[in-house]
Amino acid sequence: MSKEYAGMPIFRTPVLVGISAASDPLYPRLRDKSVIGNFHCLPSDWVSGAESVISIFLPFSNEVCTDNSKDISTFSYGWMHARNEGQTLLNAVGVRVKEKIEALGGVAVIPSLDSRFRYTLPDKKLGETHVNSVWSERHIAFISGLGTFGLSTCLITKEGTAGRFISIVTDLKLEPTPREYTDIYEYCIRCGLCLKNCPVNAIYGTKSDTEMTGIKPCTGSAGNAGNTAEAEYGVSLKDIQKCSDYVDLSEEMYYPRYGCGKCQVKVPCMNKRPQRRS
C-alpha cells in the first residue's frame with residue numbers, strides 16, 4: 000500500500016442502524032422479477048423463526064470521498080482501499096453484533112458471511128445480463144428504514160450514499176425502524192450529477208429526467224433493469240453489466256482491490272440526504 004493512504008480514516012460517524020420485521024410484506028416483493036428475482040432469499044431462509052433484520056450503514060470518511068472526487072475519469076486508490084479494507088472492518092462489526100445477540104440467547108446470521116450466500120448467474124433465456132446476489136444489502140436497508148434509492152441505484156441515507164452496508168438476521172423480536180418515506184426514490188432530487196459522473200455512461204435517465212438534466216433517456220436494453228425496480232417505478236435505468244465490467248477492470252488493474260464509486264461522490268447526496276423533491 001502507498002504511504003499516501005496508510006492511516007487514512009475509512010469511515011466516519013455516525014453509524015446508522017435500521018431494523019425491520021422479518022415478516023415485513025416488502026421482503027416477499029423482492030422475489031418479484033420486476034424487483035430482483037425469485038432467487039432472492041427471505042429472512043426465514045437464513046434463520047428459522049426469524050423475527051428481525053438489522054441493517055447497518057458505515058459512511059465513508061471525507062478523506063475517502065475527496066480522494067475519489069479528484070479525477071472522475073479514473074480509479075481512486077483511496078476508494079478501492081476503503082472498499083477492500085473497509086469491508087474487513089464492516090464484517091467485524093457484523094460479527095460483534097451477532098455475538099451480542101447470541102449472548103442474549105438469540106440466533107443470528109450474517110447473510111453476506113454465511114456459507115449459503117452466493118451469486119446467481121444470469122439466465123440468458125430470461126433476458127438477464129448480469130450476476131445477482133441472493134441478498135441485496137441496499138434493498139434490506141430500504142426496508143429497514145435507512146433510506147431510498149437514487150438514479151444510480153445507490154441508497155440515499157441521511158448520511159448520504161457513500162459507504163457500506165451489512166445486515167444481520169435474528170430470531171430476537173426487535174422494534175422496527177419507521178420508514179419515513181413512501182416512495183422508493185423519495186430522497187433523490189434527480190439532479191443528474193451521478194449520470195454525468197459515470198465514466199462509462201452506465202446510468203440513464205427517462206424522458207422526464209432528460210427534461211430536467213439534459214441527460215438522454217435510455218433506449219433499448221440497459222442490462223436487466225427490472226432487477227433493480229427501475230422499470231417498475233419508471234425513474235431510471237442502469238446498464239448494470241457495463242457498470243460491472245468497469246469495476247472488473249479496476250480489479251484487473253489493482254488486484255486485490257477494486258471499485259469505482261464515481262456516482263457516489265461530487266453529488267448532493269454524497270454525505271447527506273438532499274432536500275426532498277416536491
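Numbering that gives the first Met the number 0 puts the last residue of the sequence shown at 277; the count rises by one with no breaks. Think of the CB as a built atom: it goes at the ideal place given N, C-alpha and C, for glycine as much as any other residue.
**Report entry** Between the CA atoms of leucine 89 and arginine 95 - distance to the nearest angstrom
**Finding:** So the two alpha carbons sit approximately 10 angstroms from each other.
Requested in this report: Assign serine 19 to one of two classes, buried (16 or more other C-beta atoms within 10 Å of its C-beta) or exposed (fewer than that).
Outcome: With 16 or more Cβ atoms within 10 Å of its Cβ, serine 19 is classed as buried.
**Report entry** 6 angstroms Cβ shell around threonine 119 - same chain, five flanking residues per side excluded
**Finding:** Cβ neighbours of threonine 119 beyond the five flanking positions: Phe38, Asn131.
Requested in this report: Could you round the C-beta distance between threonine 169 and isoleucine 53 to whole angstroms and report it? I think they count as a contact, below 8 angstroms.
Outcome: Confirmed, about 7 angstroms.
Query raised in the report: Just how far apart, CA to CA, sit leucine 192 and phenylalanine 141?
Result: Cα-Cα distance, rounded: 22 angstroms.
**Report entry** Backbone CA spacing between alanine 161 and tryptophan 78 [nearest angstrom]
**Finding:** Distance from the CA atom of alanine 161 to the CA atom of tryptophan 78, rounded to whole angstroms, is 10 angstroms.
Query raised in the report: Can you tell which of Arg82, Ile188, Arg11, Tyr4 has the C-alpha that lies nearest to the C-alpha of glycine 258?
Result: The shortest C-alpha to C-alpha distance from glycine 258 to any of Arg82, Ile188, Arg11, Tyr4 is the one to Arg82.
Query - Backbone CA spacing between lysine 195 and methionine 269 [nearest angstrom] - result: About 14 angstroms.
Query raised in the report: What's the gap between the Cα of serine 143 and the Cα of cysteine 64?
Result: Whole-angstrom Cα-Cα distance: 25 angstroms.
Query raised in the report: When DSSP labels each residue in this structure, what does asparagine 83 get in the three-state scheme?
Result: It is helical.
Requested in this report: Label alanine 201 either buried or exposed according to how many other C-beta atoms from any shown protein chain fall within 10 Å of its C-beta, with 16 as the threshold for buried.
Outcome: Flag for alanine 201 reads buried.
Query raised in the report: Nearest to proline 58 by CA position, among Gly104, Asp66, Gly159, Phe116, is which residue?
Result: If you compare the alpha carbons of Gly104, Asp66, Gly159, Phe116 with that of proline 58, the shortest gap goes to Gly159.
Query raised in the report: Under the rule that 16 or more other beta-carbon atoms within 10 Å means buried, what is methionine 145, buried or exposed?
Result: Reading off the sequence shown, one finds leucine at residue 145, where the question assumed methionine. Answer is buried; the Cβ neighbour count reaches 16.
Query raised in the report: Which two residues bound the contiguous alpha helix (DSSP H) that contains alanine 140?
Result: Note, alanine 140: alpha helix (DSSP H), 136–142.
Query - Where serine 114 falls, given that 16 or more other Cβ within 10 Å makes a residue buried - result: By the neighbour-count rule (16 or more Cβ atoms within 10 Å), serine 114 is not buried but exposed.
Query - N-terminal and C-terminal residue of the alpha helix (DSSP H) that serine 68 is part of - result: 61–68 is the extent of the alpha helix (DSSP H) around serine 68.
Query - arginine 95 (DSSP reduced to helix, strand or coil) - result: Look at arginine 95 here: in three-state DSSP terms it is helix.
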